[in-house]
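Structure first, commentary second.
Numbering (my numbering), first residue to last: 11 to 363.
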């Protein structure tokens, strides 16, 4: 396990470069993001561990970061002052572009994996905005009407994007549809709605809604999205059946789940980072081929999904986790409020069977 210390700054987000397996970005904030400066670290991995190649200081907290998919040296950050900044790590310490349209904290940024000239942001002001690096203003604003913690482009379709928010909904937008009164909204899935009852069974009990903090698209199954948040539970949904309820429900974390990430190598595996100071690796059970119709009536969750292992080396809230896109299928990185970045192999914590 490789460790790097973000001295004086508490980690919020961590992302591997899509171009280099030895480069990682970390968005961090002083004073746990409550007040003070932010810092973007660009770390290089070598035989001796992790070392900073560059860092950029900002006047307010940083909550998220995303690498450009078009330019290997460019990276965008989400600011606590409502700003978005684009840095070029081959240049000096000043951003090459900055935008300030959001009225409150920007909590997530995500680059379009297919149309590589666009990225998006989501904010506590209840909006998602779409941007191009060479435009001075946003291209489009999508109203969510609720504090929006996470937004993403689909990795399978450049015109489809999603968001989760404090009102416990997963929203899907298709930019190919007419704007009209729906503002490109195609579905709003209540995350905590009970799953449909199976024939011969009593209807399942509902669950009180709670804030959704994170979500991620499956990299291999283009209709599967995972969500998680304050209620400590990960749920997966098939967007072809928005009224069906969750396909898999994965309980186990002891506090809120702050970040989830599907594996880029295995279609059924995902990682989670939680305020309970652990990272955990899960299977949603889809690779097991188990017929859900054979599920026992008193089963604690749908399908055969389960936790496969956990990493407990962090000593504070774990806020970010990401997979390495290259090489062996298990390497990942995590960051947290303990001012530590850990680079580790998921296979070392997985339980056999």
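Think of the CB as a built atom: it goes at the ideal place given N, C-alpha and C, for glycine as much as any other residue. It should be emphasised that the depicted structure is a prediction, and the values quoted were computed from it without experimental measurement.
Beta carbon of residue i nearer than 8 Å to that of residue j
{"i": "residue 326", "j": "residue 287", "result": "yes"}
{"i": "residue 88", "j": "residue 52", "result": "no"}
{"i": "residue 164", "j": "residue 227", "result": "yes"}
{"i": "residue 297", "j": "residue 267", "result": "no"}
{"i": "residue 132", "j": "residue 173", "result": "yes"}
Classification of residue i by the beta-carbon crowding that lies within 10 angstroms, buried from 16 upward
{"i": "residue 84", "result": "buried"}
{"i": "residue 361", "result": "exposed"}
{"i": "residue 192", "result": "exposed"}
{"i": "residue 36", "result": "buried"}
{"i": "residue 190", "result": "exposed"}
{"i": "residue 300", "result": "Note that residue 300 scores 41 on pLDDT, short of 50, meaning its location in the model is unreliable; the coordinates nonetheless yield the value given after this. That one is exposed."}
{"i": "residue 251", "result": "exposed"}
{"i": "residue 104", "result": "exposed"}
{"i": "residue 151", "result": "exposed"}
{"i": "residue 350", "result": "buried"}
{"i": "residue 122", "result": "buried"}
{"i": "residue 310", "result": "Any answer about residue 310 is weak, because its pLDDT of 36 lies below 50 and its placement is not dependable; what the coordinates show is given next. It is exposed - the Cβ of residue 310 has fewer than 16 other Cβ atoms within 10 Å."}
{"i": "residue 77", "result": "buried"}
{"i": "residue 381", "result": "Residue 381 cannot be examined here, being either before or after the span of the chain that is shown, 11 to 363."}
Beta-bridge partners of residue i, as assigned by DSSP
{"i": "residue 289", "result": "283, 321"}
{"i": "residue 14", "result": "351"}
{"i": "residue 24", "result": "36"}
{"i": "residue 56", "result": "59"}
{"i": "residue 246", "result": "236, 258"}
{"i": "residue 172", "result": "162, 182"}
{"i": "residue 139", "result": "131, 151"}
{"i": "residue 223", "result": "Partner(s): none; residue 223 has no beta bridge."}
Opening and closing residue of the beta strand (DSSP E) in which residue i lies
{"i": "residue 6", "result": "Past the edges of the chain, shown from 11 to 363, lies residue 6, and the structure says nothing about it."}
{"i": "residue 345", "result": "341-346"}
{"i": "residue 119", "result": "116-121"}
{"i": "residue 268", "result": "267-272"}
{"i": "residue 131", "result": "129-133"}
{"i": "residue 200", "result": "195-200"}
{"i": "residue 278", "result": "No beta strand (DSSP E) holds residue 278; DSSP gives it neither H nor E."}
{"i": "residue 108", "result": "107-109"}
beta-carbon residue i near the ligand SAM non-hydrogen atom, thresh 7 Å
{"i": "residue 220", "result": "You won't find the ligand SAM in this model; it holds no ligand whatsoever."}
Among the options, nearest to residue i - alpha-carbon criterion
{"i": "residue 31", "options": "262, 342, 356", "result": "342"}
{"i": "residue 41", "options": "27, 18, 24", "result": "18"}
{"i": "residue 295", "options": "80, 137, 317, 128", "result": "317"}
{"i": "residue 79", "options": "95, 27, 109, 234", "result": "27"}
{"i": "residue 138", "options": "144, 125, 146, 156", "result": "156"}
{"i": "residue 177", "options": "171, 183, 258, 160", "result": "160"}
{"i": "residue 200", "options": "254, 269, 230", "result": "254"}
{"i": "residue 62", "options": "16, 232, 48, 39", "result": "16"}
{"i": "residue 195", "options": "98, 258, 182", "result": "182"}
{"i": "residue 45", "options": "91, 64, 77", "result": "91"}
{"i": "residue 284", "options": "322, 69, 235, 256", "result": "322"}
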